[in-house]
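In the working numbering, the protein residues as written are 38 to 133. We put the beta carbon where it would ideally sit given N, CA and C, even for glycine. Report on the structure given below.
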């Protein structure tokens, strides 16, 4: 992943909203909280950043960010699933 790609909103989301003690099913609830509590610009920025993450496809770099930011120790498959859920839920919310 390029160093100049900012993932500040993604880092903020996982640090402030996502908690490792949540059950996996609570991820959608967490995304909904972010959607409802943050400005639309921030929601759009998060969606843009997770789409960038998916396109760049550097899952080891994402794992490093997750660990350093919020001590999330997901493997590549789990990270891909996490990112896809965030994309799906935010895309749907922004369409509504």
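Spatially closest choice to residue i from the options, by CA coordinates
| i | options | result |
| --- | --- | --- |
| residue 114 | 67, 73, 96, 62 | 96 |
| residue 83 | 65, 109, 72 | 72 |
| residue 94 | 126, 111, 76, 116 | 116 |
| residue 132 | 55, 86, 80 | 80 |
| residue 108 | 55, 45, 66, 46 | 55 |
| residue 44 | 128, 63, 130, 85 | 85 |
Span of the alpha helix (DSSP H) around residue i
| i | result |
| --- | --- |
| residue 42 | Per DSSP, residue 42 belongs to no alpha helix (DSSP H) and is neither H nor E. |
| residue 113 | 113-132 |
Beta-carbon spacing of residue i, residue j below 8 Å
| i | j | result |
| --- | --- | --- |
| residue 124 | residue 88 | yes |
| residue 120 | residue 92 | no |
Handout entry: Every unbroken alpha helix (DSSP H) within the segment 70-98, with a cutoff of 4 residues, ordered by chain
Key = 77-93
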